[in-house]
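Worksheet: one structure, shown below.
There are 2 protein chains.
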Amino acid sequence: MDFPEALSCPVPILTHDTVQLAHGAGGKLSNEMIEKIFLPRFLNATLEKMEDQAILHNPGGRIAFSTDTFVVDPIFFPGGDIGDLAINGTVNDICMSGAAPKYLSVGFILEEGLPFETLHRIVLSMEKAARTAGVQIVTGDTKVVNRGSCDKLFINTSGFGFVADNVHISASNLQVGDKIILSGTLADHGMAVMTSREGLSFQSVVSSDTAGLNHLVAEMLKVTPNIHAMRDPTRGGLATTLNEFAESSKVGIQLYGNNIPVKDNVRGACEILGIDPLYVANEGKLVAIVAPDIAEEMLGAMKNNALGKDSVIIGEVTDRHPGIVALRTSLGANRIVDMPVGEQLPRIC
Amino acid sequence: MDFPEALSCPVPILTHDTVQLAHGAGGKLSNEMIEKIFLPRFLNATLEKMEDQAILHNPGGRIAFSTDTFVVDPIFFPGGDIGDLAINGTVNDICMSGAAPKYLSVGFILEEGLPFETLHRIVLSMEKAARTAGVQIVTGDTKVVNRGSCDKLFINTSGFGFVADNVHISASNLQVGDKIILSGTLADHGMAVMTSREGLSFQSVVSSDTAGLNHLVAEMLKVTPNIHAMRDPTRGGLATTLNEFAESSKVGIQLYGNNIPVKDNVRGACEILGIDPLYVANEGKLVAIVAPDIAEEMLGAMKNNALGKDSVIIGEVTDRHPGIVALRTSLGANRIVDMPVGEQLPRIC
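Protein sequences appear in the order of chains A and B.
Just so we're aligned, residue 565 is where the first sequence starts under the working numbering, counting upward by one.
Just so we're aligned, residue 565 is where the second sequence starts under the working numbering, counting upward by one.
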């Protein structure tokens, strides 16, 4: 999908070129910023009412509610920026429950002196991501802090959607024999941010995979509503997600090492920086756990979606070593993939 | 309501005394912080599942959804702190629609080096405010940024509740002749933060009014579901709220200056700092616009609630000067109460 009109949209003319403390004070300057920068891009009938809360139609069904704050550094990186990352991140957290994401809130913390040109570029990127995912930004808040009290801008997005009655996806639902399907290559987002931050360059640019996965999930739920577990492996990477699954379900997870796809340039960046791609954040990938008899059909449906075209079965659930994730290496050894202790990559999202 | 067990709750023992970057990485240290600091205080069956989203029962009815980010400086001030402010602020934004707030998300941005003792104190305060309001914190997120990239901590809260079918409160519903009821004294919160920041001391401490107003609103809706407009006058103060009402409804607002209550010490602080209390943030007050034939009964119901005991009718809606808020002073003059241009008080909430 293309939005040429958005990409060529000029920076609106405001009284100031940069964010002032007064833009966070709720007065005329706040309103100018909201009306020129935010409203034209996020416009919908709910947001337009400019109340302190959005009043939304309720179709019934359980509600999936999530929140995420974005502090990524740098705010622009190959393949994305803090804006589309913030939309896609919360869209993904919602849809991993099987819910169809509908409504988002956006909370900005802006540093005094931030150029409106920068803010506008990020808002355009948020608009595009929200349109692509088919979600509405229905309520928001902006705070401005004095220079040096935050790093350019931080964004919180929260949101919700509705879960069909027959969908019950949970980290504690893994069954022995289940297959583990990964929707594509690992570590693209984390390494895009890291190489961008470190100023490393490769023959081909390492690009973030940031994307909203809700349409892919909708296709998957057509195969079966009975996906056992599903998650987007962001901070902490696939290793952390699978460890949490193994612990919650009290089962073991056996990975087939040769099957885990990593792009060549991403693998190269990981080797230079001494980072294991299993622990690196992804922002447009999901891992799904499904019954073995449905696994091939699910894999086919995922491959039919652009965001799942590189999907692959990477392992299975076992009753050996409960609570442990193990990876059979190409040399035939079986090593434990432990939960990481702490930070590999600060401010990755 | 008292929570002595919470107030005497000792700081949990963690591997580190202060927040490390690793506490934001989603690994073992993140889990330690979540399990020792957040979960014991916010615990409920939904949050305990530790999924990336909360799955919530949906009773039907329209949904009121709101978000707010808190960057108040200092983080502790007389009468409250950034924690209860963050809970009460979003509770109030939700209930001003007439909705009963039910579920909140919390997103923290923590500065590397923040003492866990400080975080724990704030979390206790959030717990108490959430219990008092009767809302559940069902999902959350924590980011850690390197030292100097934020100022101690920032908190986003988002949340929602459900609006009864017969309630339609909106800034655009003001009718000529309506009465304007204020639930108590003005400017307490803003001046508590300002005097605390400036190190000013008065004979009696200026204390914030931070409070969740949802129980007061529930009492008001028993008088009539037909409250025309309602809002908590936070940033920009009562002047901003009423200007927004006048503009949305295309009516004039006439205030009776003598009736607007301000505590003596707050008035003194305003005079010293040269600040008009009409423009100062409140965090535990509401202004409601109701039909004249119901105004006295509504006032009585509000006065019966501890948070509305100082309620007073401060003005009325007029067809003169549409879009304009005017205040009749004690000297008999009628001055325009304009929308503020920008910042009087940065980082007040």
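C-beta: ideal position from N, C-alpha, C; glycine also.
None of the values given here were measured: they were computed from a predicted structure.
It is roughly 52 Å from the alpha-carbon of B:C913 to the alpha-carbon of A:R892. Here the region 692-701 of chain B makes contact with the region 772-789 of chain B; the two share three or more CB pairs at distances below 8 Å. Counting of Cβ neighbours within 10 angstroms places B:R605 among the buried residues, the total reaching 16 or more. Every alpha helix (DSSP H) stretch that sits fully inside the region 808-850 of chain B and reaches 4 residues is listed by chain position as 828-837. The region 757-764 of chain B makes no contact with the region 699-719 of chain B; the number of CB pairs closer than 8 Å stays below 3.
A:D857 counts as exposed, since fewer than 16 other beta carbons sit within 10 angstroms of its beta carbon.
Neighbours of A:V905 across chain B, judged by C-beta separation under 8 Å: A586, G591, K592 and L593. Shown here, A:E675 sits in a strand according to DSSP, grouped into three states.
Taken through DSSP and simplified to helix, strand or coil, B:R711 comes out as coil. Bounds of any beta strand (DSSP E) do not take in B:G625, whose DSSP letter is neither H nor E. Within its own chain, the residues whose Cβ lies closer than 6 Å to the Cβ of A:G848, once the five positions on either side in sequence are excluded, are D773, T774 and A775, listed in chain order. In its chain, beyond the 5 residues on either side, G816 and Q818 have a beta carbon closer than 6 Å to the beta carbon of B:T882. Using a Cβ-Cβ cut-off of 7 Å, B:V727 is close to I619 of chain A, given in chain order.
The Cβ atoms of B:L785 and B:G591 lie no closer than 9 Å to each other. A:G801 sits close to A:V844, with the two beta carbons spaced by under 9 Å.
Residue burial annotation: B:L746 is buried, with at least 16 other C-beta atoms found within 10 angstroms of its C-beta. Bridge pairing for A:G725: A:A628 and A:P665 [DSSP]. If you compare the alpha carbons of B:V826, B:G653, B:N656 and B:F718 with that of B:T682, the shortest gap goes to B:F718. A:A865 has its alpha-carbon roughly 42 Å from the corresponding atom of B:N710.
For B:N622, the chain A residues whose Cβ falls inside 8 Å of its Cβ are N622, G624, G625, R626, I627 and F726, in order along the chain.
For B:M660, the residues of chain A that pass the 9 Å Cβ criterion are E615, D616 and Q617, in the order they occur in the chain. A residue is called buried once 16 or more other Cβ atoms fall within 10 Å of its Cβ, and A:P623, having fewer, is exposed. Closest in C-alpha terms to A:G821, from the list A:I744, A:S768, A:F766 and A:D796, comes A:I744. B:K666 sits buried, since 16 or more C-beta atoms from the chains shown fall within 10 Å of its C-beta.
Beyond the five residues adjoining it in sequence on each side, A:E811 comes within less than 6 Å, by CB distance, of G887 in the same chain, given in chain order.
Here A:D729 is exposed, its C-beta having fewer than 16 other C-beta atoms within 10 Å.
The shortest C-alpha to C-alpha distance from A:D796 to any of A:A833, A:I658 and A:I877 is the one to A:I658.
Among the residues of the region 688-718 of chain A, those with a Cβ less than 7 Å away from any Cβ of chain B are V702, T703, G704, D705, K707, V709, N710, S713, C714, D715 and F718, in the order of the chain. The distance from the Cβ of B:I878 to that of B:A890 is about 12 Å, inconsistent with a contact at the 8 Å cut-off. Using a 10 angstroms sphere on the CB of A:A751, the tally of other CB atoms reaches 16 or more, which defines it as buried. Take A:R799, set aside five residues on each side of it, and the residues of its chain with a beta-carbon closer than 7 Å to its own are A845, I912 and C913, in chain order.
Shown here, B:V854 sits in a strand according to DSSP, grouped into three states. Using a CB distance cut-off of 9 Å, B:L909 counts as an interface residue toward chain A. Assigned with DSSP and collapsed to three states, B:N790 falls in coil, not helix or strand. The straight-line gap separating the alpha-carbon atoms of B:E835 and B:Q617 is approximately 48 Å.
Going by beta carbons, B:G725 and B:A628 fall inside the 9 Å limit.
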